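In our numbering, the protein residues as written are 5 to 335.
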Amino acid sequence: MRKHGVSMLFLFFVVIMVSCATTSAPLSQEAIIEEGMVLIPRGWFSMGYDDGEFNERPIHEVFLEPYLIDRYEVSAAEFAQFLNEKGNPDNRYFLHDEYATVIGVKNINGRDVEAENEPDKYIPRKGLEHYPANNVSWYGADAYCRWKEKRLPSEAEWEKAARSVDLRIYPWGNVQPDDTKARFNQKWAMHGLNVLLPVDALPEGKSVYGAFNMSGNVWEWINDWFRLNYCDFCDPGGDEYITTASGLLGKDINDINKMYEADPDAPPRRNPTGPDVGKFKVLRGGSWYEISEVKIRSTFRYWLDPLERDWSTGFRCVRDVYKESDENNTS
Numbered sequence: 005m006r007k008h009g010v011s012m013l014f015l016f017f018v019v020i021m022v023s024c025a026t027t028s029a030p031l032s033q034e035a036i037i038e039e040g041m042v043l044i045p046r047g048w049f050s051m052g053y054d055d056g057e058f059n060e061r062p063i064h065e066v067f068l069e070p071y072l073i074d075r076y077e078v079s080a081a082e083f084a085q086f087l088n089e090k091g092n093p094d095n096r097y098f099l100h101d102e103y104a105t106v107i108g109v110k111n112i113n114g115r116d117v118e119a120e121n122e123p124d125k126y127i128p129r130k131g132l133e134h135y136p137a138n139n140v141s142w143y144g145a146d147a148y149c150r151w152k153e154k155r156l157p158s159e160a161e162w163e164k165a166a167r168s169v170d171l172r173i174y175p176w177g178n179v180q181p182d183d184t185k186a187r188f189n190q191k192w193a194m195h196g197l198n199v200l201l202p203v204d205a206l207p208e209g210k211s212v213y214g215a216f217n218m219s220g221n222v223w224e225w226i227n228d229w230f231r232l233n234y235c236d237f238c239d240p241g242g243d244e245y246i247t248t249a250s251g252l253l254g255k256d257i258n259d260i261n262k263m264y265e266a267d268p269d270a271p272p273r274r275n276p277t278g279p280d281v282g283k284f285k286v287l288r289g290g291s292w293y294e295i296s297e298v299k300i301r302s303t304f305r306y307w308l309d310p311l312e313r314d315w316s317t318g319f320r321c322v323r324d325v326y327k328e329s330d331e332n333n334t335s
């Protein structure tokens with residue numbers, strides 16, 4: 005009961021806190037293409053998978069306003085540019101080692117020589133410029149997206165972009181994955197950094213909206229703090245939820261009931277952003293390392309310490325768009 009009470013506290017904070025996401029001006033279709041993003045229309049979609057693991061269940065309806073998401077995972081070349089401008093304080097954003105697609109270098113006698121400590125600059129490894137940036141922490145992913153005047157996606161935003169509105173298991177549909185659709189089940193000992201593929205590889209595996217490699221390649225950092233059951237809030241009018249809300253707000257239980265009766269789609273069914281505090285951050289999409297196809301389906305959820313920088317951790321960003329009208333933004 006104590007554990008459940010804590011999760012209820014987290015979900016209530018979601019209700020009473022206002023999202024801090026940056027709002028950006030709408031982009032023209034030409035600008036969307038130029039920035040390498042795809043538009044995800046506003047509307048309801050089914051999130052979760054009843055036949056999945058405990059933390060994927062249950063399926064529940066979520067409403068999202070329109071947004072843009074990067075067509076591709078952020079590449080080594082793009083992330084190196086960010087590191088050169090913003091630095092890598094205490095290696096907080098990125099870890100340089102043999103597994104990284106980005107490296108630090110020092111200029112010695114006119115040549116760039118790999119240097120893990122105090123590099124003069126960062127560059128992508130030769131030939132891997134368009135491979136995904138890896139060994140990136142949540143802090144590095146978050147800082148990069150802000151630098152680009154974007155942000156990390158919420159779990160709901162990531163999942164809708166990956167699976168659309170038709171309950172598909174994978175971005176491409178319900179057909180089991182193979183090496184034409186997703187990069188997974190690779191062995192480092194056999195392939196080295198070629199366990200990864202370029203961010204624009206495997207067009208047969210892209211989502212309905214045109215986003216590439218949302219299954220496999222690298223795990224993608226999500227903005228949300230992780231909670232074991234992401235549907236604690238599926239029934240905001242439930243007795244336990246109402247009791248918790250009443251105690252925290254100091255309002256009569258009848259008043260709380262009236263509040264939800266007046267707006268049955270109150271947050272966090274609409275534009276959910278997860279708990280306001282936590283220990284781990286969510287990752288989605290699986291990576292080259294996964295043996296099982298289970299971990300690369302669009303509903304599978306993983307979590308790590310936000311400072312973790314791993315050979316399989318990467319990311320992509322999203323950007324808000326303004327709602328023009330209900331007629332022009334339906335899913």
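Cβ coordinates follow ideal geometry from the N, Cα and C atoms, glycine included. These numbers come from a predicted model, not from an experiment.
Asked, Found
"Member of M41, N88, G47 and N178 whose CA lies at the smallest distance from the CA of R155", "M41"
"Three-pair Cβ contact test at 8 Å for the region 104-122 versus the region 175-194", "no"
"Boundaries (first-last residue) of the beta strand (DSSP E) holding W229", "W223 to W229"
"Run of the beta strand (DSSP E) containing E65, from where it starts to where it stops", "H64 to L68"
"Rounded C-alpha distance that separates G36 from R313", "The sequence as given places Ile at residue 36; Gly does not occur at that position. So the alpha carbons of these two residues sit roughly 30 Å apart."
"V286 and Y71 closer than 8 Å at C-beta", "no"
"C-beta atoms of G214 and R323 nearer than 8 Å", "no"
"G47 to V66 span [Cα, whole Å]", "8 Å"
"Contact under 8 Å by Cβ, F319 with W225", "yes"
"Cβ distance (whole Å) where K199 is taken to contact E77 below 8 Å", "Reading off the sequence shown, one finds Val at residue 199, where the question assumed Lys. Actually they do not touch by this definition, with Cβ atoms about 14 Å apart."
"Alpha-carbon spacing of I127 relative to A84, whole angstroms", "5 Å"
"Distance, N88 Cα to N139 Cα", "16 Å"
"Three-state secondary structure assigned by DSSP to Y143", "helix"
"Cβ pair Y143, V203 closer than 8 Å", "no"
"Beta-carbon spacing of S349, S316 below 8 Å", "The structure shown does not extend to residue 349, since the chain is modelled only from 5 to 335, so the question has no answer here."
"Continuous alpha helix (DSSP H) assignments of at least 4 residues falling wholly in the region 166-217", "192-195"
"Length of the line joining the Cα atoms of A80 and D256", "54 Å"
"Collapsed DSSP secondary structure at I295 in the structure displayed", "coil"
"Test item: CB-CB of I300 and G220 under 8 Å", "yes"
"Rounded Cβ spacing between L171 and A186 (contact assumed at less than 8 Å)", "That pair is no contact at about 19 Å."
"Cα-Cα separation between L308 and R231, rounded to whole angstroms", "12 Å"
"Start-to-end residues for the alpha helix (DSSP H) that takes in L87", "A80 to K90"
"E118 - DSSP class collapsed to helix/strand/coil", "strand"
"Reduced DSSP category for W307 - H, G, I as helix; E, B as strand; rest coil", "strand"
"Three-state secondary structure (DSSP) of K283", "coil"
"Residue from A165, W151 and N92 whose Cα sits closest to the Cα of D124", "N92"
"Cβ-based burial, N178 [other Cβ within 10 Å; buried from 16]", "exposed"
"Where D94 sits in the DSSP three-state scheme", "helix"
"Residue interval of the beta strand (DSSP E) (run including N111)", "V106 to I112"
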